[in-house]
Each structure stands twice: as structure tokens, then as C-alpha cells.
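Residue numbers (the working numbering), protein chains in the order written: chain G, 257 to 605; chain Y, 257 to 605; chain E, 257 to 605; chain C, 257 to 605.
4 protein chains.
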Amino acid sequence: MNSFGKIFKVTTWGESHGKAIGVVIDGVPSNIELTEDYLNRELERRNPLKYKFSTKRRESDRAIILSGVFENKTLGTPISVIVFNEDVKSEHYENLKDVFRPGHADYTYFKKFGIRDWRGGGRASARETVARVVAGAIAKKILEKYKIKIFSYTVEIAGIKAEKINLNDYEKREFFFADPDKLDEIIKFAEKIKKQGDSFGGIVEVKIENLPSGLGEPVFDKFDAVLSHAIMSIGATKGIEFGLGFNSSKILGSENNDEMDKNGFITNNSGGILGGITTGQDLIFRVAIKPIPSILKKQKSIDISGNEKLIEISGRHDVCAIPRINVVIEAMTWIVIADFILLQKRMEM
Amino acid sequence: MNSFGKIFKVTTWGESHGKAIGVVIDGVPSNIELTEDYLNRELERRNPLKYKFSTKRRESDRAIILSGVFENKTLGTPISVIVFNEDVKSEHYENLKDVFRPGHADYTYFKKFGIRDWRGGGRASARETVARVVAGAIAKKILEKYKIKIFSYTVEIAGIKAEKINLNDYEKREFFFADPDKLDEIIKFAEKIKKQGDSFGGIVEVKIENLPSGLGEPVFDKFDAVLSHAIMSIGATKGIEFGLGFNSSKILGSENNDEMDKNGFITNNSGGILGGITTGQDLIFRVAIKPIPSILKKQKSIDISGNEKLIEISGRHDVCAIPRINVVIEAMTWIVIADFILLQKRMEM
Amino acid sequence: MNSFGKIFKVTTWGESHGKAIGVVIDGVPSNIELTEDYLNRELERRNPLKYKFSTKRRESDRAIILSGVFENKTLGTPISVIVFNEDVKSEHYENLKDVFRPGHADYTYFKKFGIRDWRGGGRASARETVARVVAGAIAKKILEKYKIKIFSYTVEIAGIKAEKINLNDYEKREFFFADPDKLDEIIKFAEKIKKQGDSFGGIVEVKIENLPSGLGEPVFDKFDAVLSHAIMSIGATKGIEFGLGFNSSKILGSENNDEMDKNGFITNNSGGILGGITTGQDLIFRVAIKPIPSILKKQKSIDISGNEKLIEISGRHDVCAIPRINVVIEAMTWIVIADFILLQKRMEM
Amino acid sequence: MNSFGKIFKVTTWGESHGKAIGVVIDGVPSNIELTEDYLNRELERRNPLKYKFSTKRRESDRAIILSGVFENKTLGTPISVIVFNEDVKSEHYENLKDVFRPGHADYTYFKKFGIRDWRGGGRASARETVARVVAGAIAKKILEKYKIKIFSYTVEIAGIKAEKINLNDYEKREFFFADPDKLDEIIKFAEKIKKQGDSFGGIVEVKIENLPSGLGEPVFDKFDAVLSHAIMSIGATKGIEFGLGFNSSKILGSENNDEMDKNGFITNNSGGILGGITTGQDLIFRVAIKPIPSILKKQKSIDISGNEKLIEISGRHDVCAIPRINVVIEAMTWIVIADFILLQKRMEM
């Protein structure tokens with residue numbers, strides 16, 4: 257339940273304000289170079305302090321490799337990585353411990369388990385994605401020779417759409433936004449919402465270049481099905497679509513089909529997947545990100561005894577999960593690709 | 257790879273024009289009534305002959321239970337069900353055996369396996385969903401006492417949107433369309449496209465009533481993540497969204513959060529899932545269905561040697577996967593629910 | 257629960273007197289030659305009619321490939337194989353339907369499931385092994401190029417031990433007994449016991465030649481651990497040991513350790529496994545087979561209401577599970593090897 | 257590969273001389289009391305310093321719970337437990353880093369992975385069992401209400417057999433030996449062998465009382481098959497047998513069958529399992545433990561370049577894995593029982 261993958265198998269653990277967050281990755285091939293420095297460079301991309309509109313929880317987040325690596329090479333044994341939780345301010349949550357915060361998993365965890373760690377969202381916190389970013393970095397590392405590139409950029413913020421896609425150094429832009437000409441408008445909007453103590457979401461698009469054809473399995477483990485599983489398992493996601501996605505439902509078969517000539521596919525409406533298996537074209541998908549539920553405005557809710565409560569959240573305020581979530585989406589994509597590539601090795605009998 | 261589920265475990269097998277299609281379901285509790293008649297009534301809902309705009313392949317499709325049931329009761333052992341393939345006209349595919357049909361899995365299967373059963377789409381055919389419908393019917397049966405209801409209706413056809421949702425006997429309407437007042441417009445459109453030899457898709461919405469709260473697992477196996485996996489594993493799907501879905505990315509946190517009062521949730525923007533776990537509200541999701549790729553128009557493609565070919569498909573023509581795909585979506589939803597309910601049993605220690 | 261294997265994944269289904277017995281094998285590499293004739297030749301080795309002291313149930317047992325093979329080549333899709341049940345004489349079991357036969361699974365299935373198919377042992381019947389032999393034959397086929405050889409012979413019958421091991425054409429000998437000089441003694445014993453309506457077991461030894469080194473996974477999925485799982489899942493087995501096995505517990509470390517020189521290992525006390533991973537030497541293990549529980553003598557038991565009953569089984573009488581069980585042991589061994597070899601492919605990044 | 261269990265899912269990680277050893281347990285029901293003190297009391301039973309003939313590596317071994325527990329109650333989320341490695345003397349292994357120690361996994365790990373952590377046996381070290389003992393303790397805890405008792409005692413040491421079984425305070429006896437009257441003889445023998453720098457093994461018997469009937473799954477996941485998998489995955493095991501075990505192969509069916517009367521089973525030759533499912537009687541199995549391979553005597557071996565080497569191991573010397581391995585066998589048994597009991601919950605629909 258807390259594991260993902262068939263061969264490249266990722267298991268994460270940890271609550272937001274517990275001692276640590278961690279991940280165990282099993283099935284990693286041996287003799288691949290891996291250092292803590294590399295992991296920490298990857299982890300730094302998720303650091304909220306880097307991003308103006310992200311939470312100010314200081315997650316200095318140093319990944320420590322506890323096993324599976326020897327003299328900077330993978331051993332083929334499980335790689336255990338731990339990141340200690342720092343700057344934990346559980347007192348901010350003390351007055352909310354019996355109340356279900358709207359938009360959060362407080363109510364459902366309580367219904368499921370009859371108990372919950374109310375400090376910082378517990379297991380349901382976005383803090384858990386630290387572990388995913390580490391696992392994604394390892395997946396990326398073992399795939400190095402394939403020259404696969406993943407771009408995880410933003411094409412819409414609170415309804416403001418990118419009109420063009422410019423991927424040069426997009427990670428240096430606020431919100432990893434694809435269209436630099438729209439940045440001013442978006443930042444002004446973000447500053448306004450931040451002052452209001454409110455939050456917003458957006459749409460992230462992912463493009464994968466150099467993905468081998470033939471990945472994915474017939475029927476249940478189609479490449480897009482498993483990727484949907486992976487991406488929709490990230491907290492704030494509310495939808496996913498591939499290629500033309502929902503728009504493909506509005507056009508005719510003759511418009512949607514990607515014809516071929518001797519140079520290969522002429523169009524890429526499918527988003528690089530046919531019958532659940534990669535075509536070798538760029539793989540394209542988009543993810544809907546909902547607004548972060550923690551807002552500073554007063555909200556109606558109830559406590560565990562059913563009494564109505566007016567909630568006012570104090571503490572640090574995260575205006576938008578983007579672009580940190582883009583990094584997590586990228587990480588999950590690496591994990592899915594690694595697993596399918598390792599699985600495909602069986603064909604080389 | 258051809259299996260789905262952790263405890264209620266479904267394995268399907270079979271090629272479109274092979275001897276048969278089948279499914280093995282493991283993990284079914286014992287002592288539950290199950291008959292072939294019941295399965296066949298469920299299967300009949302998928303019968304293309306019932307639907308004006310579906311393929312005219314005659315799939316009389318009688319499910320035969322080969323194991324796991326004794327005197328009309330489940331034994332707790334694997335239930336194997338077989339449906340023989342009839343009315344197979346492989347000669348229609350003979351001239352296409354070396355060519356990759358646009359929009360189909362022909363190219364990707366060839367890339368992956370180096371071989372493919374070209375008759376009727378082989379393993380990638382929608383014919384495989386017969387097995388899913390059988391498994392879904394069994395899932396539905398074992399959940400009877402929960403009084404869960406699933407409605408799988410159409411809210412958009414080729415861009416024509418339902419303006420209201422009327423679920424009285426919606427299965428009797430063409431395309432299971434939610435808005436009876438739009439039916440005339442849609443049927444006229446469908447007849448036109450059929451004459452053109454073209455195809456179209458739409459958007460299916462699913463509503464689940466009486467779903468228990470607390471289903472779904474933290475982190476990777478969130479209810480919506482696993483359901484996305486299940487639904488996106490169906491052939492023609494190109495996207496999925498829960499609750500407000502992509503629209504939640506356009507509004508503010510204060511607008512999107514579902515507040516609570518003593519009567520429970522006041523709104524249902526989340527679609528009945530928080531933190532990946534069901535709230536107990538109606539669960540709502542929508543699925544994008546692409547146009548069926550088999551059209552009668554000429555299309556450019558290549559053969560396995562890379563030569564350009566102009567393809568003209570003859571044979572039976574399926575104008576739209578809806579409403580047969582609605583039945584399959586419903587079946588996969590039952591399977592996911594059954595698996596999560598069985599998994600949740602572990603909490604009752 | 258009715259599946260085995262991680263990549264080469266075998267799922268069996270079927271009750272002894274149900275319509276059929278079958279198996280689905282997922283994860284088989286594509287483009288490997290496979291015919292029904294080949295499967296039936298392998299299945300014939302398990303045919304009880306060939307063996308003097310086996311049951312006289314006529315299992316003509318023709319395997320029919322229903323999917324996953326096209327023009328005699330594997331497609332990479334699941335291979336479904338069915339064997340219809342013939343010569344089913346359920347009336348022999350009619351008077352036993354409420355009684356728990358000693359040594360059988362009648363009582364435990366009833367306790368577990370609250371229902372059982374009493375006809376011929378239902379799911380617990382050795383009939384299920386037909387499916388395993390088919391799966392083993394497919395595993396063997398895909399491994400052909402490795403030149404692995406498996407010998408599954410008998411070293412002890414009802415306490416009568418082989419004094420030497422002669423593997424020339426051992427399958428032609430009664431009970432696949434390793435020592436031809438002991439055959440007369442054994443056959444005389446078997447005839448006596450058969451007349452008494454009683455049964456006996458023995459010890460089967462397996463030797464695997466040309467097994468690659470490096471198979472097996474650290475910790476839980478050691479080669480010997482997974483093989484023990486596979487072998488102990490066969491009905492009549494009561495113990496397994498590798499190399500010196502139980503005798504290694506009686507000697508000193510200095511005697512038990514296998515030293516090495518430039519030609520490799522000097523001895524093979526380990527049975528070809530160190531730390532759960534194959535050494536590349538011959539792999540050796542032994543399996544204890546209990547006497548078949550169905551005997552013609554009167555036995556005390558109870559019925560499902562707890563009343564004491566004196567049982568007298570009529571019908572066909574199987575004096576010894578050997579050598580049919582040797583064929584099943586061999587099949588399970590092929591399955592385990594195939595799975596580990598496919599899994600090891602991931603290292604070839 | 258480093259995970260075990262279907263619902264109660266245990267993943268271990270760590271090398272002997274790495275920073276730490278750990279385990280993640282997923283699927284634990286919520287709201288069960290669990291403290292570090294409890295885990296450490298259980299872990300103390302494995303402490304080599306307690307046992308005269310065990311290694312003198314000081315493993316003070318304090319288990320730290322990193323996640324999944326809140327205010328001493330399980331959360332239902334993964335429980336991560338870490339034990340830091342102390343008293344690591346890697347310099348003892350420095351001169352052996354290129355040499356394959358006889359009886360160890362050095363050679364096979366090198367063959368499999370092309371790299372190995374030579375310090376203290378790396379992943380193949382018995383040190384890994386710390387993680388199993390922790391997981392077993394958690395399994396035991398969640399099963400408390402079932403009143404199941406597991407006795408894991410020694411019935412043979414280097415060929416010296418217990419003549420009677422006395423289980424009063426057997427854990428206080430050297431080697432957990434079942435027969436107190438044989439202790440003098442055994443201790444004298446052990447002292448002699450210790451002086452010689454040699455080692456020995458023995459046979460451990462396990463008795464489980466109050467095990468519910470109906471546990472275990474038909475066909476591949478029989479209770480005894482899965483338990484064999486679990487037990488044979490422990491480093492020094494070379495064989496396992498249930499009930500009469502290998503001796504059942506020497507008697508007749510009429511002698512081996514367990515008859516029943518109105519009080520239940522009259523005998524227990526089966527060891528409490530029929531058809532792979534527990535009968536509710538005491539479950540009995542025996543495990544063959546080989547002598548520890550690390551001995552102080554000179555041994556022939558080769559290095560990674562194939563050169564012959566005479567090995568002389570210095571450092572701490574463990575004369576016998578018993579009784580520490582008894583504790584590990586017990587732990588694995590708890591894990592298997594917990595998993596089957598949780599799995600059986602699905603029947604309570």
C-alpha cells in the first residue's frame with residue numbers, strides 16, 4: 257500500500273512531524289554510481305525556501321544513505337534513505353488536533369484508522385514527497401544511458417494559460433511557468449492571493465523525450481494506466497490526461513488518428529502511447545493541481561465529536577503547490593519509466 | 257501485468273480472434289451465490305448488437321463458469337470464466353496483417369514483442385473487456401449487502417454537452433446519455449458521422465452512491481490513484497478527473513475546499529475523496545473517451561518493412577465506444593471497490 | 257494465492273471434478289516456439305495410466321492452448337491452457353460428501369471456507385498439478401538455450417534406500433527409482449501393499465545441472481527459500497532439504513564448508529547454494545513424500561455435524577504418488593528457475 | 257525481493273557494517289499499542305552477549321521507531337524501525353575483502369552483483385535478522401488476542417538428540433535445548449569445539465499452540481509452503497519438515513493418516529496442516545541448522561582473480577547460531593501467522 261513498482265520497488269514511510277521521512281528502494285541494479293551529494297542536489301529542487309510562494313517551513317533536508325551503496329556504487333541490495341524532520345512546529349497544530357481541516361485528509365484518516373497523527377498532516381502531508389523525490393533521483397540515475405529527458409512545466413496557473421511553451425531554463429522561472437511573457441501577470445496575481453491568505457492551483461504538463469518505444473504492458477499495466485496511478489497518488493492532483501486528452505473526445509476519429517509515413521508518425525495526438533505502449537514519440541501528459549487546502553481564511557468544520565467549529569489556520573502558508581509538485585511529478589515519472597524498462601528486460605531472452 | 261487487484265485479484269487472457277477470452281478471479285470470499293445466468297445478464301449489457309452505433313460483430317457471448325463455484329455458491333477458490341469467440345471474421349484483417357492501422361496498438365505491439373496477432377487487434381482488442389465485465393459482475397455480487405450503486409452515464413458526445421443529468425433508466429437511452437433533451441441532436445449527428453465512415457468519442461461520468469468512507473490507502477494506493485489505474489487501463493480512455501477535476505485548478509482554495517457542518521460536508525468539490533480516502537459522499541469522476549480509431553476513410557500508414565501504405569479498412573464499423581465502454585468503466589469500478597473493501601477488513605482485528 | 261512467480265507468473269484454477277483444470281501464465285517472453293503437441297508430450301509424463309501403481313483414473317488430458325500463442329510462437333501475452341476433466345466418477349464420492357476423509361483437506365477446507373466441493377477432493381486434489389506440469393513445460397521451453405537439465409528421481413521408497421544413483425533412463429523405471437538393483441525388492445513391496453489397500457511414500461531427490469550462478473535474491477527471496485515455497489506447495493510433501501540438509505546439522509563447520517581451489521568448489525555440501533544464491537554447481541535437494549491418504553482400509557472419522565463415522569473408500573486406488581509427483585516437482589523447479597532468470601535480467605542495464 | 261508478506265508486509269534493509277539495519281512494516285492495523293521498550297525487550301532475546309557460545313560482537317541494539325506509531329499506538333501507516341550498527345570492526349575483514357570465505361555468500365554475491373560489501377558479510381550477514389525480530393515482535397503484538405503461543409526450542413545439537421521435551425523456561429537453558437538432562441553433555445562438547453575454533457549446528461523444533469484452523473490458502477500459498485519460504489530464507493537453514501516430516505515417507509498411509517473422533521483428531525502426524533490449511537491442532541515443524549561457516553581453522557579458497565588463497569579468519573567467533581536463530585525462526589513464524597490471519601479476514605464479508 258505504501259509501495260510502488262514491480263521491479264524497481266519504492267516503499268516510503270514517515271509522518272510530517274515524526275522523527276524522519278524515508279524510502280527504501282529495492283530492485284536497483286548493482287554497480288551504478290550513487291552519492292548523497294547527487295541525491296541532495298535533486299532534493300534541493302523541491303526545497304520550499306527556493307520558491308517565493310511556497311511554505312516557509314525550513315526543510316534543509318539532507319538525505320542520508322543508510323544501505324545499498326558501498327564506496328559510491330549501488331550494491332544491488334535495498335537502498336534505504338532517511339531525511340530527518342527539522343523545523344517541526346507541532347504547536348501550530350495543537351488547537352486543530354480534534355478538528356477536521358477542510359480539504360485535508362483529517363476526516364478520512366480518522367474514519368479509516370480511528371486514530372491520526374494530527375501534527376502537520378501526519379502521513380497525508382506533502383512532506384512525504386521528499387521520499388518520492390529521492391526515489392525518482394535514483395531512477396533517473398540508473399536510466400542515464402538512455403538519455404531520456406523529462407520536462408515538468410506549468411501551462412496554466414489559476415486559469416491563466418501559457419500561450420507558448422518555452423522550455424529554456426524553465427525551472428528558474430517562478431512556478432516553472434512555460435510562457436515567460438505571462439510571468440508578470442501571474443506573479444501579480446499570486447501576490448494578491450497571498451495577501452488574501454488564499455491559495456490556487458494550476459495545470460502541469462510533462463514532456464518526455466527519448467523514451468524508448470515498447471514500454472508498458474498490455475491490458476492492466478498500460479504505460480498510461482500505471483503513470484496515472486503514480487501521478488494521481490500525489491496529494492493535490494485531481495485529473496490527468498494524455499496527448500489531446502479530454503479534447504480528443506470532441507473531435508472525429510479521422511482528426512484524432514495519428515497517421516504514419518516513412519519518417520514515422522506525422523502527428524502526436526495520442527501523446528506517445530498507443531494501446532498502452534509507448535510509440536517512441538515524445539510522451540505528453542497534463543495534470544490538474546487543486547489549490548492548496550491550507551488557507552488563512554476562516555472556514556466551517558466539525559470536530560471528532562461532531563461539534564461545529566470555525567477554523568482559523570495560522571502558521572506558515574503555502575500559496576501554491578506548484579512548482580514543488582512539478583518536481584514530484586517528474587520524480588514519479590522517472591520511477592514509472594525505470595520500472596517498465598527493467599520489466600522489459602525480460603524480453604531479451 | 258495482466259492482473260489487477262491485491263486481494264480481489266483479476267487476471268484476464270485472450271486475443272480477439274483466438275479460441276476464447278477468459279478471466280480468473282482469485283480471492284473471492286466463499287459461500288456467495290453466483291450463477292452463469294447472472295453473469296450473462298450482466299454481459300448482455302455490453303452486447304454490441306443492442307446498440308445502434310456499435311460494431312455488428314455478433315458477440316452472443318455466453319459466459320461459462322469453469323471453476324470456483326459449486327452448486328451455485330462460490331467456493332473461495334479461483335473462479336475461471338470462459339467466453340468462446342464467435343463470429344470471428346479474420347479474413348477482414350488479412351490484407352492488413354503487415355500494416356500498422358493508425359490509432360491502434362499494431363505498431364507498438366510489434367515494437368514491444370516483435371510479433372503480433374494481427375487478427376482483429378489481438379490482445380489489444382476491446383474484445384478483452386468481456387473478461388472485465390465478468391469480473392466486475394462478480395465484484396458487484398459480493399458487495400451486494402453494501403447497497404452501493406454505480407451510475408456510468410455520458411455527459412458529452414463529440415462536444416455536445418448534457419445540460420442536465422437525468423438518471424432514470426439512462427441505460428435505455430442511446431449512448432447512455434444523461435440529458436434526454438439532447439438525444440435527438442446527438443442521434444442526428446451520429447447518423448451523419450456513421451454515413452461518413454468516421455467515428456467520435458465523448459465524456460463518461462460516474463457517480464457512486466453509498467460508498468463507505470475510509471476506503472483507499474495512504475500514499476501510493478489512494479482510492480483515486482488505483483481507480484485511475486483501473487480506468488486508464490481501458491483501451492479508449494485518454495483522461496480522468498475527480499470532482500471538479502481540471503476545473504479545480506482554476507479556482508481559489510477558499511472556493512474549492514469543502515466545508516463541513518453538523519450534517520457533514522456542505523459541498524462535494526472533491527468528488528468524495530480526501531487524501532486518497534473516500535469521504536462517504538457520492539464519489540464522482542469523469543473519463544475522456546477518444547474516437548474509435550477504426551474508420552472507413554483512407555489513411556496513411558506504413559507496413560512492417562517501413563513502406564508507405566494507404567489503408568482502407570472494410571468490415572464492421574463501430575461509430576462510438578460509448579455506451580459499451582460505460583459498462584466496462586462500471587465493471588472496473590466494482591473491481592476496485594471490492595478490492596479496497598476486502599483490504600479494509602484487515603482493520604477489524 | 258493461486259498464483260506463483262514474480263515475472264514468470266503462473267495462476268492455476270480448477271476443481272478435480274469441475275469442468276476443467278487450467279492455467280494462465282503471464283510474463284512469457286515473445287517469439288518462442290510453443291505447440292500443443294509439445295505440451296501434451298510433457299503432460300503425458302504425468303499420466304497415471306503409464307504407471308503401474310498409480311490411480312486408474314483415465315486422464316487422457318489433452319492441453320488446449322486458448323491464448324498467447326499465434327502460429328506456434330508466443331505473443332508475449334498471457335498463455336491460457338485448459339485441460340478438460342474426463343472420466344470423472346463423482347458418484348464414488350457421494351457417500352463421503354459430509355465426511356472428512358483422514359489425511360485429506362476435507363476438514364480444513366470446510367473450516368476455512370464453510371463450503372467445499374466434495375467431488376474428488378475439489379481444489380485440493382492432485383488433479384490440480386496438471387496445470388503445474390503445463391506451466392513447467394512452458395518454463396522449460398523458454399529456458400532451452402541455457403541447457404539446464406533437471407533430474408527428479410527417487411532415492412527412497414517406504415524406507416528402502418537407493419544405494420547408488422544411476423540416472424540413465426531413470427524415467428523408464430518403476431517409481432523413477434535411482435538404483436535399478438533395488439527395483440525388484442521395491443516392486444514386491446508395492447504389490448503387497450497394493451493388495452492390502454494401503455499406500456506409501458518416499459524421498460525424491462532433484463539434481464539440476466548447468467544452472468547459472470547468481471540466481472536468487474538476498475534475504476527473503478533466496479533461491480532455496482522460493483524453491484521450498486514452490487515444492488512444499490505440492491500436496492503430498494512434508495519436508496525439503498538442500499545439499500547435506502538435515503545431516504549438515506550433525507557435522508562441524510570445518511567438515512561442512514565447501515572449500516575452493518582454482519578449479520572452483522572442491523565439494524558440494526551446500527547443494528549449490530550459498531547465501532540463497534546459486535553457486536553454479538549442481539543444485540541438489542530432497543523432498544519427503546507422505547503416503548497417499550486415500551486407502552481402502554476402514555478409518556475413523558467424523559462428519560460435518562461431528563458424528564463419528566467409519567469410512568471406507570472405494571473407487572480407484574493410488575498406491576504411491578511417486579513417480580507422478582516427481583514430474584510435478586520437476587515442473588515447479590522449472591517455474592522457479594524461469595522466474596529467477598527473468599528477474600536477473602534487470603541487472604543487465 | 258527484500259519484502260515478505262501480502263498484507264502484513266515486511267521490508268528489511270541494511271548491511272552488516274553499514275550505518276544501520278532497518279525494517280518497514282506496512283499493513284499493520286491501527287490503534288494497537290506499540291512501544292520501543294516492548295521492541296527492545298524482544299530484541300534483547302537475540303542479543304549475542306547473552307549467550308555463551310555466540311559472537312562477542314556487542315550489539316546493544318536499540319530499536320528506534322521512526323514512523324507509524326503516535327502516542328504509543330499504531331497509526332495504520334508504515335512502521336519504520338531503525339537499529340544503528342555499533343561495535344563494527346571492519347578492519348577484521350580488510351584482509352579478506354578480495355577473498356571468498358568458504359560457506360559464506362561472498363562468492364555468490366560477487367557472481368550476482370559484480371560488487372559486494374565485504375565488511376562483515378554485508379547484506380548476507382546474520383545481522384539482517386535484527387530487522388526480522390523487530391517485525392516478528394510487531395506481528396506478535398497485533399495477534400495478542402488470539403492467545404497463540406510459539407515455542408522455538410532445540411531438539412538436536414551436532415547430532416546429540418533431546419530424549420524428552422521439557423519446555424518450562426527453555427529459553428533460560430543454553431541453546432534453548434529441550435532436554436535439560438542432556439545439557440551437561442552438550443556444553444562440554446561446545447566448549448571443546450570452541451577451543452578448536454570450529455562450529456556446529458543442530459535441529460530446532462517449533463510448536464505453535466492455539467493457532468486458528470483455516471489459515472493458509474489453497475495451492476501455492478499453503479500455510480506450510482509459505483512458512484517454508486519464510487524459514488528457509490533465514491541464513492543457516494538447510495531443511496524443514498512438518499509433523500512426521502521425512503519419517504512420514506517411511507510408513508504406510510494407514511499409519512500416517514490422522515483419524516478423527518468426536519473429540520477431534522486422535523493423532524497429529526500431519527503437524528497440524530492438511531492440504532496446506534491449519535487444522536487447529538498444534539502446528540509442529542523442525543528446521544535443520546548448518547554449522548556457522550566462520551571458523552578459526554585455515555581453509556582453502558580463491559580470490560576474485562581466481563588465485564588460490566589460504567584463509568585464516570580472526571576476530572570474533574560464533575560457535576553456533578543456536579539459540580539466536582531460534583528467536584529469528586520464531587519471529588518469521590509470527591510474521592507468517594499475522595499475514596495469514598489478516599488475509600483470512602476477507603472471508604468475513
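The beta carbon of each residue, even a glycine, is placed where N, CA and C say it ideally should be.
With contacts defined by Cβ atoms closer than 8 Å, Gly453 (chain Y) and Lys546 (chain Y) do not form a contacting pair.
In the DSSP assignment, the residues bridged to Ser323 (chain E) are E:Ser336.
Inter-residue distance for Pro474 (chain Y) and Asn303 (chain E) is about 50 Å (C-alpha atoms, whole angstroms).
Under the 10 Å beta carbon count, Lys448 (chain Y) is surrounded by fewer than 16 other beta carbons and is classified as exposed. Residues Tyr409, Thr410, Tyr426, Pro579, Asn582 of the same chain have their beta carbon placed closer than 6 Å to that of Phe432 (chain Y), with the five preceding and five following residues left out of the count. Glu384 (chain Y) sits away from Ile558 (chain Y), with the two beta carbons spaced by 8 Å or more. The bridge partners DSSP lists for Met516 (chain G) are G:Phe521.
The beta carbon of Lys463 (chain C) is closer than 6 Å to those of Phe407, Asp538, Ile540 in its chain, skipping five residues each way along the sequence. Listed in chain order, the beta strand (DSSP E) runs fully inside the region 396-453 of chain G are 405-413, counting runs of at least 3 residues. Taking a C-beta distance under 8 Å as the contact criterion, Glu430 (chain Y) and Ile443 (chain Y) qualify as a contact pair.
Going by DSSP, Ala594 (chain C) is part of the alpha helix (DSSP H) stretching over 580-600.
In this structure, the alpha-carbon of His273 (chain Y) lies about 27 Å from that of Asn258 (chain E).
In summary, the residues of the region 582-599 of chain Y whose CB is separated from some CB of chain C by less than 9 Å are Ile597, Leu598, Leu599, in the order they occur in the chain. Pro468 (chain C) is outside the set of residues whose beta carbon lies under 8 Å from a beta carbon in chain Y. Burial state of Arg297 (chain C) is exposed, judged by a 10 Å Cβ sphere holding fewer than 16 other Cβ atoms.
Leaving aside the five residues that flank Asn503 (chain G) on each side, none in its chain has a CB nearer than 7 Å to its CB. Listed along chain C are Pro474, Val475, each with a C-beta nearer than 9 Å to that of Glu384 (chain E). Here the region 492-501 of chain Y makes contact with the region 483-494 of chain G; the two share three or more CB pairs at distances below 8 Å.
Across the set E:Gly491, E:Lys506, E:Gly378, the C-alpha of E:Lys506 shows the shortest separation from the C-alpha of Ile413 (chain C).
With a beta-carbon spacing of about 11 Å, Glu461 (chain C) and Asp435 (chain C) fall beyond the 8 Å limit used to define contacts.
The contact set of Ile263 (chain G) on chain E, defined by CB atoms closer than 9 Å, consists of Lys262, Ile263, Leu599, Arg602 in chain order. Here Ser504 (chain C) is not bridged, per DSSP, to any residue. By the C-beta criterion, the region 584-595 of chain Y is judged not to be in contact with the region 343-350 of chain E, since fewer than 3 inter-stretch pairs fall below 8 Å. The residue from E:Val390, E:Phe326, E:Asp574, E:Ile335 with its alpha-carbon nearest to that of Arg301 (chain E) is E:Val390. At a cut-off of 8 Å between beta-carbon atoms, Ala434 (chain Y) makes no contact with chain G.
The straight-line gap separating the alpha-carbon atoms of Asn519 (chain Y) and Gly562 (chain G) is approximately 9 Å. Within its own chain, the residues whose Cβ lies closer than 7 Å to the Cβ of Val325 (chain Y), once the five positions on either side in sequence are excluded, are Leu290, Leu331, Ile335, listed in chain order. Within the region 269-295 of chain G, contact with chain C at the beta-carbon level (separation under 7 Å) is assigned to Trp269, Gly270, Glu271, Gly274, Lys275, Ala276, Gly278, Val280, Asp282, Gly283, Ser286, Asn287. Shown here, Ile487 (chain Y) sits in a helix according to DSSP, grouped into three states.
Interface with chain Y (8 Å Cβ-Cβ cutoff): Ile321 (chain C) is excluded. Within the same chain, Ser272 come within 6 Å of Gly377 (chain C) by CB-CB distance, once the 5 residues on both sides are set aside.
In terms of CA proximity to Glu400 (chain C), C:Pro285 leads the group C:Pro285, C:Leu322, C:Phe521. Setting aside the 5 residues that flank it on each side, Ser316 (chain G) is surrounded in the same chain by Glu342, each with a C-beta closer than 7 Å to its C-beta; the list follows chain order. By the CB criterion at 8 Å, Thr534 (chain E) and Leu471 (chain E) fall inside the cutoff. DSSP places Glu465 (chain Y) in the uninterrupted beta strand (DSSP E) bounded by 458-465.
With its beta carbon at least 8 Å from every one in chain G, Arg357 (chain C) lies outside the interface.
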